[in-house]
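Heads up: the protein sequence lines correspond to chains A and B, in order. Numbering-wise (my numbering), the first sequence opens with residue -1 and increments by one. Numbering-wise (my numbering), the second sequence opens with residue -1 and increments by one.
There are 2 protein chains.
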Amino acid sequence: MKKIVVQKFGGTSVADTDRIKKVAQTVIHEKELGNDVIVVVSAMGHTTDNLLKLAGEITSNPSPREMDALLSTGECVSIALLTMAIQSFGYKAVSLNAAQVGIYTENIHTKARIINIKTETLKKYLAEDNIIVIAGFQGMTSNGDITTLGRGGSDTSAVAIAATVQAERCDIYTDVNGVYTADPRIVPKATKLEEISYDEMLELSSVGANVMHPRAVETGKQHKLPIRVRSSFNINDIGTVIHGVRDMELQKPVTGVATDLSQVRIVACDVPDKPGTAAQLFGALAKEHISVDMIIQSYARKVENTNDIAFTIDKTDLPKAVSVLEKLRKEVNLGNVHIDNDIAKVSIIGAGMINNTGVASCMFKTLADLDINIKMISTSEIKISCLVDVNDSTKAVQALHDAFNLAGDEVAEVHGTLPD
Amino acid sequence: MKKIVVQKFGGTSVADTDRIKKVAQTVIHEKELGNDVIVVVSAMGHTTDNLLKLAGEITSNPSPREMDALLSTGECVSIALLTMAIQSFGYKAVSLNAAQVGIYTENIHTKARIINIKTETLKKYLAEDNIIVIAGFQGMTSNGDITTLGRGGSDTSAVAIAATVQAERCDIYTDVNGVYTADPRIVPKATKLEEISYDEMLELSSVGANVMHPRAVETGKQHKLPIRVRSSFNINDIGTVIHGVRDMELQKPVTGVATDLSQVRIVACDVPDKPGTAAQLFGALAKEHISVDMIIQSYARKVENTNDIAFTIDKTDLPKAVSVLEKLRKEVNLGNVHIDNDIAKVSIIGAGMINNTGVASCMFKTLADLDINIKMISTSEIKISCLVDVNDSTKAVQALHDAFNLAGDEVAEVHGTLPD
């Protein structure tokens, strides 16, 4: 049996037909190494934006089922074009959309999770020596409706397919050449990591290191699938390997620093201090599929027997959250709701911090020395996050990168914009 | 049981989001009349051209399977947008691509014929009071490959779906308000016909009256399904009804005049005059799915024991035909091959000509009076076609329209360009 390698190319990698031809050559390079190759691609460059614009001209409130039907067409265009490009170089190739593969998801539109991937069709085409090109970001429900996977969807498609076919590894081709100790555009001295553990990558990506979506990393972790984050522009650079526990984790307590500008803070004031109120609040948000990140319940007690509850959510969920809170206002007798858009979450990540005391205090002292006010704090075993004013985020990241001695000799290579 | 009406809208009718909203209103108008409505749509305006351009940038010789996968995305965009538009007016609607419906075709790419259409999904959604919006032009093979139906595909989808669900009728919305005695852009005095028989419409559309593709008419005829050709711009004009034998057919011997500029004439010279040669020639063309229209075998015998064979095919098939003839040249000892691009086929159509003598001679005399040379002639029971020089076609059509007294009082309404 040949080894299978799954490759994923994002929207910027297939933005025009010239780039699609270059991607075809990268695919063929892997095939020529003697592997079976399955490729997962996103929609071309601005396709999704153009489709969203058309939908917006029709209605401000499109049905999720039809949005998924609409948006899924973008990937269907790129798989056909990439397959033609691979064939034009003399290789056997075949395009498959999610329905043709049998990528089954739950019956939730615009952010469905993958339940099951059929292997019959994939095995058949691989046995016939085809390179298989699959539409990322999309799936189908058991009754044949088209779904999309939401943010990080194509990465998740690729990793899930790789896990299903027991691939040797999954290569995520992007416009950076690996995972860095910090965003090189913010910290010019940032170093590329040769390897990183799933858990560290999960924390890094969950705090805005936009290299890979945490869902995809989580899927890789579950199936112990090695993932390489590597550059579309340099085929010889193997990038950063994401895998299990890494050898170097004890060397430095902190592996990377990251900023997340995608969140908004909501403060619900004067929430009645009785059992079940918080559960009611966060239960209502969960019902609308709104993920809550940091939560703090204060004991300020401006009003007797009440608390303030502050929490952060993704900015895109704000309209939904506001309507949930409006509905709750009467039911649970909420006070005012404050919304704070100008925040940044600055995080340090490292599997080594478990065994190193003083990491948290070093972080807080570094920020204090810069007169940066910490609005909220959250911690996990391998991450500490501080919510700060958005205007303080760049200097915070730079100072933390220095404080934890993350700078290296290698110069960062950054091309173009961030991948999808 | 409610009556089902199937409506088809071409690419110009859904060219932008404003027009899509207008189509939604036309659909809702039919629904409000108390009928169940199934809508079949083409790709928006220039979508197909844009996709063809992208494919052309990748390769000059794309695989038919991938071309079908690529082109089918156009209709998938328009069904989602039209469904959103219908929903935005407060009506239940659902989009379905060919795979979701189960429109099965033969396993031939770029010009597949429909074999079978599943009704389970359609019945389920109609029972839930949905307006169903289906992607025209596409189908799937039994092993899940995407196919397209070729020219006239969306009309064929609509009529085939209407026949399958035993619809009351199929309305083909287009940018002309019916079928005319001649193309009103060529003959300003052309009259709209209130009704026309399937056979007459078949002959009319097969000779270039670009209102409907003959495949769709043929499908309607097989299932005795009434078809209305009507205007997207005037909801109150019921257009022309295509149905069985019409009452008025004995009134005039000729119903309409049409020109077909899509053909090319090929003359294979000095073909050996022995049994089986013609069968070999046309068999080889049929094997490549090239339809041959007019055929004449001359007895000029410039070379002893040979004939010239002249025939016409669609211009798009010319490259394939040339390569077939090249291969045959040695096998059957063909002489030179002449290609004549500058031809037009001018036809008169009418079920009444069966019972009227002198129709053919009137046609030939009319052309002779104008000094128009007739290169080939073909006849059916209800049609006579003459191949003439392309520069003579307009005056030929105008003179024939006069000669057979087809002018009426109604002024032709023509909007925009020809439908797809």
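Each residue gets a CB set at the ideal place from its N, CA and C atoms; glycine is no exception.
Name, in chain order, the residues that DSSP records as bridge partners for residue i.
i: phenylalanine 87 of chain A; result: Note: phenylalanine 87 of chain A sits in no beta bridge, so no partner.
i: valine 239 of chain A; result: A/Glu193 and A/Arg226
i: tyrosine 102 of chain B; result: B/Asn114 and B/Met138
i: proline 270 of chain B; result: B/Thr304
i: tyrosine 178 of chain B; result: B/Lys190
i: histidine 221 of chain A; result: The partner list for histidine 221 of chain A (beta bridge, DSSP) is empty, contrary to what the question assumes.
i: threonine 172 of chain A; result: A/Ser229
i: arginine 263 of chain A; result: A/Thr310 and A/Asp338
i: isoleucine 2 of chain B; result: B/Asp34
i: arginine 167 of chain B; result: B/Val3
i: glutamine 295 of chain A; result: A/Ile307
i: lysine 19 of chain A; result: Paired residue(s): none; lysine 19 of chain A is not in a bridge.
i: serine 93 of chain A; result: A/Val131
i: glycine 254 of chain B; result: B/Ile347
i: threonine 145 of chain B; result: B/Gly137
For residue i versus residue j, is the C-beta distance shorter than 7 Å?
i: phenylalanine 135 of chain A; j: threonine 146 of chain A; result: yes
i: valine 185 of chain B; j: histidine 399 of chain B; result: yes
i: valine 388 of chain A; j: alanine 394 of chain A; result: no
i: glycine 333 of chain A; j: cysteine 384 of chain A; result: no
i: valine 177 of chain B; j: cysteine 168 of chain B; result: no
i: lysine 343 of chain A; j: aspartate 258 of chain A; result: yes
i: glutamate 286 of chain B; j: valine 322 of chain B; result: yes
i: arginine 149 of chain B; j: histidine 211 of chain B; result: yes
i: serine 345 of chain B; j: lysine 381 of chain B; result: yes
i: isoleucine 426 of chain A; j: alanine 41 of chain A; result: For residue 426 of chain A there is no data in the structure shown, the boundaries of chain A being -1 and 418.
i: proline 273 of chain B; j: methionine 82 of chain A; result: no
i: leucine 202 of chain A; j: glycine 254 of chain A; result: yes
i: leucine 124 of chain B; j: aspartate 34 of chain B; result: yes
i: alanine 397 of chain A; j: leucine 368 of chain A; result: yes
i: valine 252 of chain B; j: threonine 238 of chain B; result: no
i: alanine 349 of chain A; j: glutamate 198 of chain A; result: yes
i: alanine 91 of chain A; j: isoleucine 36 of chain A; result: no
i: leucine 69 of chain B; j: valine 39 of chain B; result: no
i: isoleucine 77 of chain B; j: alanine 13 of chain B; result: no
i: isoleucine 56 of chain A; j: threonine 15 of chain B; result: yes
i: valine 215 of chain A; j: threonine 275 of chain A; result: no
i: threonine 103 of chain B; j: isoleucine 115 of chain B; result: no
i: aspartate 173 of chain A; j: threonine 10 of chain A; result: yes
i: valine 131 of chain A; j: isoleucine 2 of chain A; result: no
i: threonine 139 of chain A; j: asparagine 175 of chain A; result: no
i: valine 71 of chain A; j: valine 75 of chain B; result: As written in the sequence, residue 71 of chain A is threonine, which differs from the valine given in the question. It is a contact, given that the beta carbons lie within the stated cut-off.
i: valine 262 of chain B; j: leucine 316 of chain B; result: yes
Does the beta-carbon of residue i have 16 or more other beta-carbons within 10 angstroms, so that it is buried, or is it exposed?
i: valine 357 of chain A; result: buried
i: histidine 27 of chain B; result: exposed
i: phenylalanine 309 of chain B; result: buried
i: phenylalanine 7 of chain A; result: buried
i: leucine 423 of chain B; result: The question about residue 423 of chain B has no answer, for chain B in this structure spans -1 to 418.
i: serine 58 of chain B; result: exposed
i: glycine 414 of chain A; result: Residue placement at glycine 414 of chain A cannot be trusted, given a pLDDT of 37 that sits under 50; what the coordinates show is reported in the next sentence. Exposed: under 16 other Cβ atoms inside 10 Å.
i: histidine 336 of chain B; result: exposed
i: alanine 160 of chain B; result: buried
i: glycine 43 of chain B; result: buried
i: glutamate 247 of chain B; result: Its pLDDT being 48, under 50, glutamate 247 of chain B is placed unreliably in this model, and the coordinates cannot settle the point.
i: isoleucine 194 of chain A; result: buried
i: lysine 29 of chain A; result: buried
i: serine 296 of chain A; result: exposed
i: isoleucine 18 of chain A; result: buried
i: glutamine 278 of chain A; result: exposed
Q: Please name the residues in the stretch 59 to 71 of chain A whose beta-carbon is closer than 8 Å to at least one beta-carbon of chain B, in chain order.
A: Asn59, Pro60, Ser61, Arg63, Glu64, Met65, Ala67, Leu68, Ser70 and Thr71
Q: Run through the stretch 355 to 406 of chain A for me and flag every whole beta strand (DSSP E) of 3 or more residues, listed as ranges in chain order.
A: 374 to 378 and 381 to 387
Q. Which residues, taken in chain order from the stretch 86 to 100 of chain B, show a beta carbon closer than 7 Å to some beta carbon of chain A?
A. Ser86, Ser93, Ala97 and Gln98
Q | Length at least 4, wholly inside the stretch 28 to 58 of chain A: the alpha helix (DSSP H) runs in chain order | A | 45 to 56
Q. Taking a cut of 7 Å between CB atoms, which residues from the stretch 131 to 154 of chain B lie near chain A?
A. Gly142
Q) Closer than 8 Å, Cβ to any Cβ of chain B: which residues of the stretch 33 to 60 of chain A, in chain order? A) Leu49, Leu52, Ala53, Glu55, Ile56, Thr57, Asn59 and Pro60
Q) Can you list, in chain order, the residues of the stretch 3 to 24 of chain B whose Cβ is nearer than 9 Å to any Cβ on chain A? A) Asp14, Thr15, Asp16, Ile18, Lys19 and Ala22
Q: Could you please tell me which residues of the stretch 317 to 351 of chain A, in chain order, have their CB closer than 8 Å to any CB of chain B?
A: none
(Q) Under 9 Å, CB to CB, which of the residues in the stretch 75 to 86 of chain B have a partner in chain A? (A) Val75, Ile77, Ala78, Leu79, Leu80, Thr81, Met82, Ala83, Gln85 and Ser86
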